[in-house]
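Please read the structure below before turning to the comments.
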Amino acid sequence: MAEFNSIHSVTEMPEGDDAKCSFHHRMFLEPQEKKSSMKALVVKQAKKTCSCTPAKAKDYLFSFFPVLQWLPKYKLREYLLGDIMSGVIVGVLLVPQSIAYSLLAGQEPIYGLYTSFFASIIYFIFGTSRHISVGIFGVICLMVGQVVDREIQRAGYELEPAVPSVLTDTAELVNATAPPGNQTSQQLLCDKSCYAITVGATMTFIAGVYQVAMGFFQVGFVSVYLSDSLLSGFVTGASFTILTSQAKYLLGIDIPRSSGIGSLITTWINIFRNIHKTNTCDLITSFLCFLVLIPTKELNEHFKSRLKAPIPVELVVIVAATLASHFGKLRETYGSSVAGHIPTGFLPPRPPDWNLIPNVALDAVPIAVIGFAITVSLSEMFAKKHGYSVKANQEMYAIGFCNIIPSFFHCFTTSAALAKTLVKESTGCRTQMSGMVTSLVILLVLLVIAPLFYSLQKCVLAVITIVNLRGALRKFRDLPKMWRLSRVDTVIWLVTMAASALISTEIGLLVGVCFSMLCVIFRTQRPEAPLLGWVAESETYESLSAYKNLQTKPGIVVFRFEAPLYYINKECFKSTLYKQTGVNPVWVKAAKKKAAKRMLRDKEVDSGGNQPSISMDFVSEPLGFHTIVIDCCAVQFLDTAGIRTLKEVCKDYRDIDVQVLLAQCNPSVRSSLIRGEFFQEGEDPLLFHSVHQAVDFALGAQGRSGTGASK
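According to this note's numbering, the sequence shown holds residues 4 to 714 in order.
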């Protein structure tokens with residue numbers, strides 16, 4: 004049997020003798036029939052999922068491989084030139100950054116090139132965004148490097164003498180064929196750099212599995228908990244940690260890499276303790292690189308509208324520094340730390356180390372979440388800008404496979420990167436064909452050019468990494484504007500930034516998420532709750548504290564609670580209502596009872612009954628209003644505590660002859676009130692579509708009661 008929601012309306016009577024009266028009638032709203040039972044829904048969904056038709060299989064194939072949709076429609080004359088140009092430029096910029104960020108991830112330079120190469124190809128196949136550039140991202144590299152350093156220390160490699168990285172190829176090849184049961188032999192054959200990429204690839208595999216699982220179970224909603232202010236604060240805080248980790252390369256000093264809680268402070272303490280060991284050659288080289296990179300980067304940004312392509316200053320610096328180091332024999336003469344041997348070609352694929360999965364499974368969670376959150380947010384931002392749509396779940400598949408597949412080819416974790424995406428967009432990119440061009444540029448380096456970077460100083464790579472942090476560090480300039488827009492978002496930014504920098508990146512992310520959730524709870528715990536006034540010659544009611552020249556109806560108080568009513572803020576609701584109306588019904592009832600007892604006592608003492616009772620005067624003192632209208636337009640939902648609170652408020656005010664009317668309740672609130680038996684059996688449920696109707700009803704009811712009393 005269908006239930007009917009009764010909602011009241013008020014209609015003015017025509018002019019005449021009864022012009023002051025109003026006519027009150029009900030509107031009956033019949034709810035839609037409830038959907039099928041959960042069992043029926045599950046069966047229906049299972050049939051829909053398990054059924055397979057040629058058209059459905061084709062749609063699934065095309066949605067899973069978006070390249071099959073857009074590649075046949077590729078407009079060669081219109082798109083090719085822009086894609087080639089942007090692909091080449093991004094590739095030229097990506098080569099030095101891939102080498103530099105490898106140090107940040109605790110890896111050899113060759114693995115950064117592998118990572119950028121495979122990520123571009125795989126996103127070309129699975130991605131739905133036309134513009135984002137997927138590859139190495141500084142914050143992700145930092146998080147990977149911290150785990151790699153921890154696992155290297157656990158394995159005892161820090162205690163061994165450094166093994167030249169030229170042995171890495173041999174170690175990799177031997178380990179690929181070593182029996183899995185011979186752990187001792189495998190440890191001896193795998194040097195420190197080999198074990199580092201094993202840890203990085205294993206964690207990359209797990210992070211990719213998490214991301215694909217998120218796409219499969221359609222849990223993209225998780226990213227909504229990572230607000231823009233939170234992500235921005237996290238990236239800025241992590242940038243301080245990145246800068247700190249690269250400082251030792253600028254000075255050319257050899258200190259252990261700190262990890263865990265307070266690593267930033269520990270690293271700076273170690274730097275100042277060893278500052279006397281600074282390598283003068285590395286320091287001068289770093290200073291000269293800063294002098295070239297920073298002004299040129301600023302010119303690129305300042306004249307980006309006039310330049311057809313940004314000046315590839317990083318590549319120029321790397322080439323010049325490599326030539327200077329090689330012909331100046333800086334390593335042999337001054338002991339400068341150099342990149343070392345970078346092999347050409349590709350190493351044979353190797354699966355992740357399954358024994359390492361328990362060690363890194365938890366560390367991969369924040370990496371996976373940050374990776375997909377940044378990728379999805381950048382994809383949606385550029386899609387909105389250029390007027391096309393992206394699929395969030397497919398983006399999670401894409402970034403997941405960009406991690407799973409390359410993990411078998413000695414790569415570490417990737418995600419979309421804002422700086423390279425902006426370059427890609429500004430240089431004419433039209434489709435992900437530019438990503439294929441970028442991978443071809445990196446392939447050329449891998450096959451031919453890579454060994455030429457043997458003499459490149461590590462301090463040059465550190466300078467490139469630090470200079471690319473300018474965008475994140477510049478967020479401090481936006482703080483005054485952010486503070487004016489939203490103080491809560493600014494506090495979230497500051498807390499997340501400080502926690503990410505001073506505690507650790509993973510804990511900083513967790514602190515930011517928890518703090519932002521607490522801010523949401525605090526906002527609903529003590530929301531705005533103003534009294535409302537009538538806007539003359541309209542049916543609108545607005546806040547008396549916000550606007551002037553509003554009118555109030557005699558004997559009626561209109562109150563708005565601007566938050567859901569649930570267990571956290573139920574006491575705030577009652578206390579604010581009592582404060583705004585100036586009447587606490589509980590106290591009034593208690594005073595009445597006390598006055599009645601005192602009057603009874605006085606009657607017993609004075610049997611003549613001639614003594615006047617002051618208490619009776621108090622009891623009969625008018626409250627100043629007879630109706631409270633609660634505007635529920637901002638109450639999104641009620642829980643059981645909220646329903647109970649409304650019941651108590653209505654009963655308490657009814658006991659002192661004040662009626663409470665509810666207006667503008669949404670269907671969810673009305674349904675909760677009915678299920679919660681808010682209306683007593685046989686009672687006429689007083690719910691109103693608007694505050695104006697509720698006020699007119701209260702005025703009419705008071706007029707009728709006054710007329711009846713006079714008769």
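Heads up, the beta-carbon is just placed ideally off N, CA and C, and yes, glycines get one too.
Taking 9 Å as the cut-off, the beta carbon of A342 is found no closer than this to the beta carbon of F208.
Measuring C-alpha to C-alpha distances from P354 to each of I677, P298, F412 identifies F412 as the nearest. A straight-line Cα-Cα distance of about 23 Å links Q100 and K195. When C-alpha distances from P533 are compared across L547, A43, A204, the shortest belongs to L547.
Where L449 is concerned, there is no enclosing alpha helix (DSSP H), because DSSP gives it neither an H nor an E.
Within its own chain, the residues whose Cβ lies closer than 7 Å to the Cβ of A204, once the five positions on either side in sequence are excluded, are P355, S410, H413, C414, F415, listed in chain order. In the pairwise beta carbon analysis, the stretch 366–381 is classified as not touching the stretch 487–506: fewer than three pairs are separated by under 8 Å.
Closest in alpha carbon position to G331, among F525, G109, F293, C284, is C284. In terms of CA proximity to P530, E574 leads the group A501, E574, W537. The beta-bridge partner set that DSSP reports for E545 consists of G536. Taking the Cα positions, T244 is about 6 Å away from A504. By the Cβ criterion, the stretch 103–122 is in contact with the stretch 141–150, since at least three pairs of Cβ atoms, one from each stretch, lie closer than 8 Å.
Membership of I258 in any beta strand (DSSP E) is not indicated, and neither H nor E is assigned to it by DSSP. Straight-line measurement puts the Cα of Q435 at about 19 Å from the Cα of Y117. The beta-carbon distance between G90 and Q214, rounded to whole angstroms, is 25 Å. This is too long to meet the 8 Å contact definition. In this chain, F562 is not harboured by any alpha helix (DSSP H); it is covered by the beta strand (DSSP E) spanning 559–563. DSSP, read as helix, strand or coil, puts A666 in strand.
Comparing C-alpha distances from S418 to each of T299, S429, T643, C405 shows the shortest one belongs to C405. As the crow flies, the alpha-carbon of L79 is around 33 Å from that of G211. In this structure, S675 and F628 do not form a Cβ contact; the two beta carbons are roughly 27 Å apart against a cut-off of 8 Å. For D634, the enclosing beta strand (DSSP E) begins and ends at 630–634. The beta carbon of F127 sits closer than 6 Å to those of Q435, G438, M439, all from its chain and outside the five residues before and after it, given in chain order. For Q554, the beta-bridge partners assigned by DSSP are W537.
Counting the other CB atoms within 10 Å of its CB gives Q696 a total of 16 or more, which places it among the buried residues. Here T441 really is in contact with G94; their C-beta atoms are around 4 Å apart, less than 8 Å. Under the DSSP assignment, S382 falls in the alpha helix (DSSP H) whose first and last residues are 367–389. When secondary structure is reduced to three states using DSSP, Q249 falls in the helix class.
Under DSSP, Q460 forms a beta bridge with V341. One thing to note: S380 has its Cβ no nearer than 9 Å to the Cβ of T131.
Of the candidates L365, F525, E398, P313, the residue whose Cα lies closest to the Cα of K427 is P313. Residue environment: M500 is assigned as buried (16 or more neighbouring CB atoms within 10 Å of its CB, all protein chains considered). When secondary structure is reduced to three states using DSSP, F208 falls in the helix class. Cβ-Cβ distances below 6 Å link K556 to V698 in the same chain, with the five nearest sequence neighbours on each side left out; the list follows chain order.
If you draw a straight line from the Cα of K461 to the Cα of F479, it is about 29 Å long.
Between the alpha carbons of A364 and V151 lies a gap of roughly 13 Å. In this structure, I633 lies away from V586, with their beta-carbon atoms at least 9 Å apart.
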